[in-house]
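Number of protein chains: 2
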Amino acid sequence: MNPANIIEKTTDFGEKYYYTKHKSGLDIYVIPKDFKTSFAMFSTKYGAIDNCFKLAGEENFHEVPDGIAHYLEHKMFENEDGVDTFSRFAKYGANANAFTSGTMTSYLFSCTDHLKENLEILLDYVSKPYFTPENVEKERGIIGQEIRMYEDNPGSAIYYNLLEALYEKHQTRVNVAGTIESIAKITPELLYDCYYTFYNFSNMTLCVSGRADMDMVLDVVDRILPEREQKTIIRNYYDEKPEVYRKRVSAEFEVAKPMFLIGVKDIDIAPDGAERMRKKAVMGILIDMLFGSTSPFALDVYESGLVNGFEAGYDHGRSSSIVYLEGETDDPEAVYTKFLSYLEENRKAGLSREDFDRIKRASYASYLKNFDSTRLAQTFTYMIHDDCDPFDYGDTLKSVTFEETSELFGKLFHEEYYAMSVINPIGK
Amino acid sequence: MNPANIIEKTTDFGEKYYYTKHKSGLDIYVIPKDFKTSFAMFSTKYGAIDNCFKLAGEENFHEVPDGIAHYLEHKMFENEDGVDTFSRFAKYGANANAFTSGTMTSYLFSCTDHLKENLEILLDYVSKPYFTPENVEKERGIIGQEIRMYEDNPGSAIYYNLLEALYEKHQTRVNVAGTIESIAKITPELLYDCYYTFYNFSNMTLCVSGRADMDMVLDVVDRILPEREQKTIIRNYYDEKPEVYRKRVSAEFEVAKPMFLIGVKDIDIAPDGAERMRKKAVMGILIDMLFGSTSPFALDVYESGLVNGFEAGYDHGRSSSIVYLEGETDDPEAVYTKFLSYLEENRKAGLSREDFDRIKRASYASYLKNFDSTRLAQTFTYMIHDDCDPFDYGDTLKSVTFEETSELFGKLFHEEYYAMSVINPIGK
Chain A
1 MNPANIIEKT
11 TDFGEKYYYT
21 KHKSGLDIYV
31 IPKDFKTSFA
41 MFSTKYGAID
51 NCFKLAGEEN
61 FHEVPDGIAH
71 YLEHKMFENE
81 DGVDTFSRFA
91 KYGANANAFT
101 SGTMTSYLFS
111 CTDHLKENLE
121 ILLDYVSKPY
131 FTPENVEKER
141 GIIGQEIRMY
151 EDNPGSAIYY
161 NLLEALYEKH
171 QTRVNVAGTI
181 ESIAKITPEL
191 LYDCYYTFYN
201 FSNMTLCVSG
211 RADMDMVLDV
221 VDRILPEREQ
231 KTIIRNYYDE
241 KPEVYRKRVS
251 AEFEVAKPMF
261 LIGVKDIDIA
271 PDGAERMRKK
281 AVMGILIDML
291 FGSTSPFALD
301 VYESGLVNGF
311 EAGYDHGRSS
321 SIVYLEGETD
331 DPEAVYTKFL
341 SYLEENRKAG
351 LSREDFDRIK
361 RASYASYLKN
371 FDSTRLAQTF
381 TYMIHDDCDP
391 FDYGDTLKSV
401 TFEETSELFG
411 KLFHEEYYAM
421 SVINPIGK
Chain B
1001 MNPANIIEKT
1011 TDFGEKYYYT
1021 KHKSGLDIYV
1031 IPKDFKTSFA
1041 MFSTKYGAID
1051 NCFKLAGEEN
1061 FHEVPDGIAH
1071 YLEHKMFENE
1081 DGVDTFSRFA
1091 KYGANANAFT
1101 SGTMTSYLFS
1111 CTDHLKENLE
1121 ILLDYVSKPY
1131 FTPENVEKER
1141 GIIGQEIRMY
1151 EDNPGSAIYY
1161 NLLEALYEKH
1171 QTRVNVAGTI
1181 ESIAKITPEL
1191 LYDCYYTFYN
1201 FSNMTLCVSG
1211 RADMDMVLDV
1221 VDRILPEREQ
1231 KTIIRNYYDE
1241 KPEVYRKRVS
1251 AEFEVAKPMF
1261 LIGVKDIDIA
1271 PDGAERMRKK
1281 AVMGILIDML
1291 FGSTSPFALD
1301 VYESGLVNGF
1311 EAGYDHGRSS
1321 SIVYLEGETD
1331 DPEAVYTKFL
1341 SYLEENRKAG
1351 LSREDFDRIK
1361 RASYASYLKN
1371 FDSTRLAQTF
1381 TYMIHDDCDP
1391 FDYGDTLKSV
1401 TFEETSELFG
1411 KLFHEEYYAM
1421 SVINPIGK
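Going down the list, the protein sequences come from chains A and B.
Okay, so the first sequence: first residue is 1 according to our numbering, each after it adds one.
Okay, so the second sequence: first residue is 1001 according to our numbering, each after it adds one.
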């Protein structure tokens, strides 16, 4: 590796990262921080939505069963020598974990010592698939149980019900764990096919924050990663119309009070990473102005006793863009009506410039606080997978104008984009 | 201020703090950290348990209504000029808050900028009591509402019910917010009496972590704190027998599943801070060995489906020492029986040295991780109020032996020290 290929980037608030593209195709980021805790995340741009894909040069798309990315994550902890991955990490005092989302599978650990040894373990186990008919079969029961657990969980049900109401076809509606039916179709061959497609290193990232330096990380990567063909993946996502598929969806669970989750669907997603980053920044400010913890809406529903535990959030990424509002209430339709009238009032009165300035400053402060977190490598991974440079996000935030925030407000909120998912107590 | 009075203390893992006793009597700690976020906490050693006290030289104890420390905290946000304290902080981008516990009242903020200005506001508003018959009366309704909210909250009820089962007389059983009856007796005079007793600066601490230096902090303290008499407070806590007062207590709430909270009462609390710190370290390791997330008990109740969301914890401080186990279960008595038999098995087999070594290392790693937290000043405050030096806790942890852990196991767990608080679904 030629050291000239290592890019150093700094910010005016005293942060620094090193980046290089390894010869294997892997994107490596090292963010040195004087923390006691080091944190590493080895991730593939592969999640529940990637169920239809082909390689450059192939004629036909592969359609694979829902839940296979998550199944694969489970199976990566299986080792040919039978040694338990977690106990390998425990030997060097690391806390290890893994997760699968709609767009990503990540393997991670944190540790206060032995970063090098733990990094070796991380790269080693994730680069060694070991799927046999027996161990794949064994996992089916375990994952089946996990699926049933989620089915019994009102928090999970309300979320997937909303996605299925917002989207008619797009894979964002796919449950990360799949279904009992879909996982029944998973075989070692399919797992290997997905593994060598999506775990080719040019589709992966390694982010390390803490007491790490690029030389050490590169030394480990050079030694541990096997030779592997780099591949160009073409993903097929199903088209969606701008309007929601269904306006309402509800289910009954053993809960004390009804729960609601309102979603706003937005299909205006730019292909360009920098453009998406800008919209993400604007959206963050807008949602906080309208529905943050000190917004008139949040204070009003709280003080009137209409809603308990109100929270709002948003997601604006490569594949989906949604605004969320959730809480507990005795009367979900009253919350929905209030949501409509509140937006109407704001439309008439216009947004407040003073609120905008205050929230924009607070957003920048929140952005800065990311750099105090020992999970910085995780924040980095999320942004990098979305083609954003984490060091540019602050400047983008600073440059957001009141006018573009007002413009987004006008575009985002229209009744045909809203759906509400409700969980009712059984028999009430 | 003579700079020679500033003590600098360092650790072998690269941390540093500065300490001085200000002429006002205030203990000041500054912990410089290269974080974006600075954090300050101004606290008094005064909480719900301090309802019976006198000053050195006084003959009789003052008995004051339950909930007065918390009432006082609320009233500190009242300013003579009518300006809202939170908006003063908001002007300088700080997040401010306050809380009252059994043994402490704390006023705090975090900020990414303008630390000096925010520190000025903090010291200013907490050192200016302003209680009038009108504003004290107005607060009664607000706090009454808060009390009713807690009464309606199963998580709060299960906790206070346990304390009332464990303790017959000791003030640890006092509800922080008091009762509707007790707060009815609170007057401006009583508030001023408590304020000038417990907010005399020799009973207070100021901890600042982040981009802070002692010179700046001392400059602010010198300018803002008013002259105030230093007082020696004598607290009267009621004696307790070692056994629990009641074995079982239960209540009905609108919950989907019964909740349990098992408590282990321990009245063996050393008057010496260093001794308490040592027992705290031993207790932490012991409880994690027996009931931590990877303990046989936790895995067993989880895998058998007996308990959802199992958690264990402990508290070992100046005034009380309790071990907690909590979770949701269909059968609280089955959990209790399992708890008994598990301890019996461990007593027979003895603790595992291997587990001890592993958990001790993990405890030390957790201790180190505190220094990565922007809320470091809060961790400091807790330990200082308990007469522990946070920098000595790591060495204490390292020196804990398997033998003393086994010894504490033998002393702590006996059935006469156990109580269980249960919340049942209504009508089930």
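Just so it is clear, CB atoms sit at the ideal spot from N, CA and C, and this is done for glycine as well.
All figures in this text were calculated on a predicted structure; none of them were measured in a lab.
9 angstroms is my cut-off, CB to CB: does residue 1112(B) come that close to chain A?
yes
DSSP state of residue 207(A), grouped into three classes?
strand
So what does DSSP say about residue 404(A), is it helix, strand or coil?
helix
Report buried or exposed for residue 1409(B), applying the criterion of at least 16 other Cβ atoms within 10 angstroms of its Cβ.
buried
So, with DSSP's three-state summary, where would you put residue 105(A)?
strand
What first and last residue would you give for the alpha helix (DSSP H) that runs through residue 1060(B)?
Where residue 1060(B) is concerned, there is no enclosing alpha helix (DSSP H), given that its DSSP letter is neither H nor E.
Opposing strand residues paired with residue 1017(B) [DSSP bridges]
1009(B)
Listed in chain order, which residues of the region 379 to 407 of chain A have Cβ atoms closer than 9 angstroms to some Cβ of chain B?
none
Taking Cβ positions only, does residue 1090(B) come closer than 9 angstroms to chain A?
yes
Quick check: residue 167(A) and residue 240(A), are their CB atoms within less than 9 angstroms of each other?
yes
When you compare only the Cα positions, how much space is there between residue 172(A) and residue 384(A)?
20 angstroms
Chain A contact for residue 1014(B) (CB, 9 angstroms cutoff):
yes
Can you tell which of 29(A), 257(A), 283(A), 163(A) has the C-alpha that lies nearest to the C-alpha of residue 249(A)?
163(A)
The ligand GDP heavy atoms versus the CB of residue 1057(B): any closer than 8 angstroms?
Ligands displayed in this structure: none; no statement on the ligand GDP is therefore possible.
Do you know how far the Cα of residue 266(A) is from the Cα of residue 242(A)?
7 angstroms
Who are the near neighbours of residue 1396(B) in its chain, counting only those whose CB is closer than 7 angstroms to its CB and skipping five residues on each side?
1277, 1278, 1281
Since residue 1265(B) is in the beta strand (DSSP E), which residue starts that stretch and which ends it?
1259 to 1265
Could you tell me which chain A residues have their CB closer than 9 angstroms to the CB of residue 1374(B), listed as they occur along the chain?
369, 372, 373
Beta-carbon of residue 1361(B) versus every beta-carbon of chain A: anything under 9 angstroms?
yes
Partner residues on chain B for residue 34(A), Cβ-Cβ distance less than 7 angstroms:
1034
Please go through the region 324 to 350 of chain A and give each complete alpha helix (DSSP H) segment of 4 or more residues, from N-terminal end onward.
332 to 349
Between the Cα of residue 116(A) and those of 75(A), 212(A), 201(A), 28(A), spot the shortest distance and give me the residue it belongs to.
212(A)
Which of helix, strand or coil DSSP assigns to residue 370(A)
helix
Only counting the same chain, and skipping five residues up and downstream in sequence, which positions put a Cβ closer than 8 angstroms to that of residue 1015(B)?
1031, 1371, 1391
Exposed or buried, what is residue 1028(B) when buried is set at 16 or more other beta-carbons lying within 10 Å of its beta-carbon?
buried
Any C-beta of chain A within less than 9 angstroms: which residues of the region 1157 to 1186 of chain B qualify?
none
Identify the contact partners of residue 37(A) in chain B, using a Cβ-Cβ distance below 8 angstroms as the criterion.
1368, 1369, 1372
Hey, residue 1238(B) and residue 1165(B) are a contact pair by Cβ (cut 8 angstroms); roughly how many whole angstroms apart?
Their Cβ separation, rounded to whole angstroms, is 16 angstroms, which puts residue 1238(B) and residue 1165(B) out of contact at 8 angstroms.
Residues of chain A with CB closer than 8 angstroms to the CB of residue 1254(B), please, in chain order.
256, 257
List the residues of chain A whose Cβ lies closer than 7 angstroms to the Cβ of residue 1365(B), in chain order.
93, 112
When the Cα of residue 1021(B) is compared with those of 1069(B), 1057(B), 1217(B), 1038(B), which residue comes out closest?
1217(B)
Cut-off 8 angstroms between Cβ atoms - residues of its own chain near residue 1(A), not counting five sequence neighbours on either side
Model confidence at residue 1(A) stands at a pLDDT of 47, short of 50, so the residue's coordinates are unreliable; what they give is reported in the following sentence. Taken in chain order, the residues that qualify are 20, 22, 23, 218, 222.
Is the Cβ of residue 358(A) closer than 9 angstroms to any Cβ of chain B?
yes
Suppose the cutoff is 6 angstroms on Cβ atoms and the five residues either side in sequence are ignored; what does the same chain contact list for residue 5(A) look like?
20
Tell me, which residues are paired with residue 1235(B) by DSSP?
1053(B)
8 angstroms contact criterion, which residue 1048(B) and residue 1100(B) should meet: CB distance rounded
7 angstroms
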